[in-house]
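K.L.:
In the numbering used here, the protein residues as written are 1442 to 1537.
Each residue gets a CB set at the ideal place from its N, CA and C atoms; glycine is no exception.
1. Between the C-alpha atoms of residue 1468 and residue 1495, what's the straight-line distance to the nearest angstrom?
2. Using 8 Å as the threshold, is the C-beta distance between residue 1489 and residue 1511 below it?
3. For the candidate residues 1485, 1526, 1492, 1529, whose alpha-carbon lies nearest to that of residue 1515?
4. Since residue 1475 contacts residue 1465 with CB under 8 Å, what's their CB separation in whole angstroms?
5. Using a Cβ-Cβ distance under 8 Å, would residue 1471 count as near chain D?
6. Which residue's Cα is closest to the Cα of residue 1457: 1528, 1537, 1532, 1483?
7. Hey, could you find the ends of the alpha helix (DSSP H) residue 1537 is sitting in?
8. If you run the structure through DSSP and keep just helix, strand and coil, what is residue 1476?
9. Please report how far the alpha carbon of residue 1527 lies from the alpha carbon of residue 1454, in whole angstroms.
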């Protein structure tokens, strides 16, 4: 294996870990507690990316589109679930 491929893969993994750490530290500094859903979100995103990549592995030219599709799908699911739970929580607080 070429050293440049290993270096690129290492930088890619370091960037992912850095994004996870930035998200956790930003939440810690603003709220004062750790949200363990970061790990679950990254795991679900990884599985979704793997499923999309496996289903569309014949489309080599659409590599950017697969990542964009997976990101859009996870963002839509997260925003929909967040809005739903926020509405339910708001209704619960209103009733109390």
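P.N.:
A quick look at the data gives this:
1. 33 Å
2. yes
3. 1485
4. Confirmed, about 6 Å.
5. The chain inventory of the structure shown lacks chain D, comprising one protein chain alone.
6. 1483
7. Element bounds for residue 1537: n/a, residue is neither H nor E.
8. coil
9. Note on geometry: alpha-carbon atoms of residue 1527 and residue 1454 lie some 33 Å from one another.
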